[in-house]
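Under the numbering used here, residues 2 to 124 are what the sequence shown spells out, in order. Glycine residues also receive a C-beta, built at the ideal position from the N, C-alpha and C atoms.
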Amino acid sequence: EEQTESRRLLQGQEEERLRDANRAGTTSIAQDVNIQVEKGKDLELTEQFDALRREHTVTLQELQRAHEQEKLLLAESHHRTQAALQETIQTLNSQLKSFQERMKRVEESLLSTDYKKHIQVQG
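Have a look at this one:
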């Protein structure tokens, strides 16, 4: 009976050691799986980050091209408007000069007419 009990005790201890080893193995496997999952997540996140960076770079280049194009269009528009305004200024200056010359002739004509009338009245 003592031997049987001793065997049962040894068998129980052996089973406990096996359970502990099994738990340790399971824990180790779980840790390995977790590590692999984390590595997979890191790789996936790195790939997503790289894809987003490429997309950002492309978008930035497109925006820069659009900005440069808009700058060129605005510069051209500015130069055309400036040229049109300069032409308008020249036209108005020419009209003003013509008007001033006519006014001078009218004044001279009026003075001449007044002088002639004055001479007739005095004469």
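| Item | Value |
| --- | --- |
| Own chain residues within Cβ distance below 6 Å of E77, not counting five before or after | none |
| E15 - containing alpha helix (DSSP H), residue span | 3-123 |
| Rounded C-alpha distance that separates T92 from R103 | 17 Å |
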